[in-house]
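**Student:** Numbering (the numbering used here), first residue to last: 27 to 299.
Yeah, the Cβ is synthetic: ideal placement off N, Cα and C, and Gly gets one too.
Following this message is one structure expressed as structure tokens.
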Amino acid sequence: MPGFEQVQETVKAIRERCALTPQLALVLGSGLGGLADVVEDSVKLSYSDLSHFPVTTAQSHKGRLVMGFLSGKPVVMMQGRLHYYEGYSMAQVVFPIRVMQALGASTLLVTNAAGGLEPSFKAGDLMLISDHINLFGTNPLLGKNDERFGPRFPDMSDAYDKHLQKLALSTAKNLDIDLKQGVYVGTAGPTFETSAERRFMRVIGGSSVGMSTVPEVIAANHLGMSVLGFSAITNVATGEADQPEDDPDEVVRVAGQIGERLERLVRGVIQAL
């Protein structure tokens with residue numbers, strides 16, 4: 027199981043190829059990896075070339091760590107994330123978050139493709155994540171706690187930074203981007219949810235649902251990072267009889283269409299930091 031020593035070894039290997047100290051870490055979800063292509067003075071490192079780094083197997087995830095400058099700020103980003111459903115342990119899923127924080131990043135910006143539980147949402151919407159509900163049935167902090175990462179019982183009452191949320195909303199308004207708000211529900215996958223499960227998620231306060239993000243945000247809070255998150259709503263997931271059949275290819279396609287707006291929003295937020 028990768029721990030503190032493995033994080034330090036990976037950081038050392040990265041430092042040998044790139045001396046940049048990032049301020050901001052980004053995780054790019056399904057169909058949203060295009061943001062990595064506009065990073066200036068970039069250094070791209072394949073996960074497979076980094077010691078202890080798991081290799082993503084998910085569709086549309088390139089599996090590269092990209093370092094450089096975005097909107098004038100030094101950043102490190104995952105062009106493709108790791109998912110629990112790929113068979114990795116939770117410690118492996120959050121390993122990159124710990125590496126990026128150890129490189130110097132104090133803020134984490136996460137994006138994902140998600141189904142819209144909220145009936146007013148439609149495919150193509152963008153949602154600011156105000157909070158999340160963990161339905162993975164597990165937690166990346168299970169087991170013996172390493173105080174070098176963070177405290178045994180980290181506070182999650184402000185998991186998504188309120189100041190960053192206000193900044194995102196004002197940036198979206200300035201850019202004339204319609205930005206919804208809501209609670210993200212994280213599940214283990216890899217199956218899409220049943221209609222009954224989706225109706226249940228709506229009852230407990232969910233607005234969008236996906237198979238990522240929650241473990242990474244928990245790990246980031248454990249590390250003391252500030253977090254901002256966005257969901258690209260790629261499909262209707264209300265659990266009602268009239269919802270369309272789930273199609274993973276359509277999810278990736280719609281996420282790609284949303285990508286340009288999300289890119290403008292993220293760059294605007296970073297510039298305003």
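On the DSSP bridge assignment, give the partners of Ser-234 in chain order.
**Tutor:** As a working mapping, residue 234 is identified with position 208 in the sequence shown. Note: Ser-234 sits in a beta bridge opposite Gly-142 and Tyr-210.
**Student:** Would you decide whether Glu-144 is buried or exposed? Buried here means 16 or more other CB atoms lie within 10 Å of its CB.
**Tutor:** For this step, residue 144 is matched to residue 118 along the sequence shown. By the 10 Å Cβ count, Glu-144 comes out buried.
**Student:** Distance check for Glu-66 and Ala-245, CA to CA, integer angstroms please.
**Tutor:** The count along the sequence shown starts at 1 and reaches residue 245 at position 219. The count along the sequence shown starts at 1 and reaches residue 66 at position 40. Approximately 28 angstroms between the Cα atoms of the pair.
**Student:** Name, in chain order, the residues that DSSP records as bridge partners for Pro-100.
**Tutor:** Within the sequence shown, numbered from 1, the residue matching residue 100 stands at position 74. DSSP lists Phe-95 as partners of Pro-100.
**Student:** Using 8 angstroms for Cβ pairs, my map puts Ala-214 next to Phe-162. What's the rounded Cβ distance?
**Tutor:** Taking the sequence shown and counting its residues from 1, the one referred to as residue 214 is at position 188. Taking the sequence shown and counting its residues from 1, the one referred to as residue 162 is at position 136. At roughly 5 angstroms, the Cβ-Cβ gap stays under 8 angstroms, so Ala-214 and Phe-162 are in contact.
**Student:** With a threshold of 16 other CB atoms inside 10 Å of the CB of Pro-177, please say whether the residue is buried or exposed.
**Tutor:** The residue given as residue 177 occupies position 151 in the sequence shown. Sixteen is the threshold: since fewer than 16 other Cβ atoms of the shown chains lie within 10 Å of the Cβ of Pro-177, the residue is exposed.
**Student:** Taking DSSP's pairing of strands, which residues face Gln-105 in a bridge?
**Tutor:** As a working mapping, residue 105 is identified with position 79 in the sequence shown. Beta-bridge pairing links Gln-105 to Leu-54 and Arg-90.
**Student:** Using 8 angstroms as the threshold, is the segment 187–195 in touch with the segment 163–176, meaning 3 or more CB pairs across them?
**Tutor:** Contact annotation: the segment 187–195 does not touch the segment 163–176, with fewer than three C-beta pairs closer than 8 angstroms.
**Student:** Closest to Glu-276 by CA distance: which of His-78, Ile-40, Gln-297 and Gly-57 is it?
**Tutor:** Position 250 of the sequence shown, counting from 1, holds the residue named residue 276. Of the listed residues, the one whose Cα sits closest to Glu-276 is Gly-57.
**Student:** At what residues does the alpha helix (DSSP H) containing Met-126 begin and finish?
**Tutor:** To locate residue 126, count along the sequence shown from 1; it is residue 100. That run of the alpha helix (DSSP H) goes 116–129.
**Student:** Report yes if the CB atom of Lys-148 is closer than 8 angstroms to the CB atom of Val-262, and no otherwise.
**Tutor:** Counting from 1 along the sequence shown, the entry for residue 148 is found at position 122. Counting from 1 along the sequence shown, the entry for residue 262 is found at position 236. In contact: Lys-148 and Val-262 (Cβ atoms closer than 8 angstroms).
**Student:** Could you work out which residue in Gly-59, Ala-198 and Arg-90 is closest to Ile-40 when comparing CA atoms only?
**Tutor:** Numbered from its first residue, the sequence shown carries residue 40 at position 14. That would be Arg-90, whose Cα lies nearest to the Cα of Ile-40.
**Student:** Among the residues of its own chain, which have a CB less than 6 angstroms from the CB of Arg-225, if the five just before and after it don't count?
**Tutor:** As a position in the sequence shown, residue 225 is number 199, starting the count at 1. Only Gly-265 meet the Cβ criterion.
**Student:** Grouping DSSP H, G and I as helix and E and B as strand, with all else coil, what is Gly-59?
**Tutor:** If you number the sequence shown from 1, residue 59 lands on position 33. Of the three classes helix, strand and coil, the one that applies to Gly-59 here is helix, per DSSP.
**Student:** Since I believe Ala-140 is in contact with Ala-258 (beta carbons under 8 angstroms), could you give me their beta-carbon distance rounded to a whole number of angstroms?
**Tutor:** Counting from 1 along the sequence shown, the entry for residue 258 is found at position 232. Counting from 1 along the sequence shown, the entry for residue 140 is found at position 114. So it is a contact: roughly 7 angstroms between Cβ atoms.
**Student:** Between Thr-36 and the rest of its own chain, which residues show a CB-CB distance below 7 angstroms, the 5 nearest in sequence each way excluded?
**Tutor:** Numbered from its first residue, the sequence shown carries residue 36 at position 10. Leu-76, Ser-77, His-78, Phe-79 and Val-125.
**Student:** Using only CA atoms, which one of Gln-283, Ser-146, Leu-134 and Asp-172 lies nearest to Val-240?
**Tutor:** Looking up residue 240 in the sequence shown gives position 214. Taking only the C-alpha atoms, the option nearest Val-240 is Leu-134.
**Student:** May I ask you to list the residues that DSSP assigns as paired with Val-69?
**Tutor:** As a working mapping, residue 69 is identified with position 43 in the sequence shown. Val-69 is bridged to Met-93.
**Student:** Are the beta-carbon atoms of His-158 and Tyr-114 separated by less than 8 angstroms?
**Tutor:** As a first step, residue 158 is located in the sequence shown; it is residue number 132 there, counting from the start. As a first step, residue 114 is located in the sequence shown; it is residue number 88 there, counting from the start. No, the pair does not count as a contact, with Cβ atoms beyond the cut-off.
**Student:** Could you pull out every residue in the same chain whose Cβ sits closer than 7 angstroms to the Cβ of Gly-250, ignoring the five residues on either side in sequence?
**Tutor:** By 1-based counting over the sequence shown, the position of residue 250 is 224. Taken in chain order, the residues that qualify are Gly-176.
**Student:** Thinking just about the alpha-carbon of each residue, which of Ala-298, Ile-284, Val-235 and Val-120 is nearest to the one in Phe-30?
**Tutor:** Position 4 of the sequence shown, counting from 1, holds the residue named residue 30. Ranking Ala-298, Ile-284, Val-235 and Val-120 by Cα distance to Phe-30 puts Val-120 first.
**Student:** Straight-line CA distance for Leu-308 to Leu-52?
**Tutor:** The structure shown does not extend to residue 308, since the chain is modelled only from 27 through 299, so no value can be given for it.
**Student:** When you compare only the Cα positions, how much space is there between Glu-289 and Gly-60?
**Tutor:** Position 263 of the sequence shown, counted from the start, is the residue given in the question as residue 289. Position 34 of the sequence shown, counted from the start, is the residue given in the question as residue 60. So the alpha carbons of these two residues sit roughly 8 angstroms apart.
**Student:** Taking a contact to mean a Cβ-Cβ separation below 8 angstroms, would you say Ile-296 touches Lys-70 in this structure?
**Tutor:** Taking the first residue of the sequence shown as 1, we reach residue 296 at position 270. Taking the first residue of the sequence shown as 1, we reach residue 70 at position 44. Not in contact: Ile-296 and Lys-70 (Cβ atoms no closer than 8 angstroms).
**Student:** Residues in its own chain within less than 7 angstroms of Ala-298 by CB, not counting five upstream and five downstream?
**Tutor:** Translated into the one-based positions of the sequence shown, residue 298 becomes position 272. Closer than 7 angstroms at Cβ, skipping near neighbours: Leu-193 and Thr-197.
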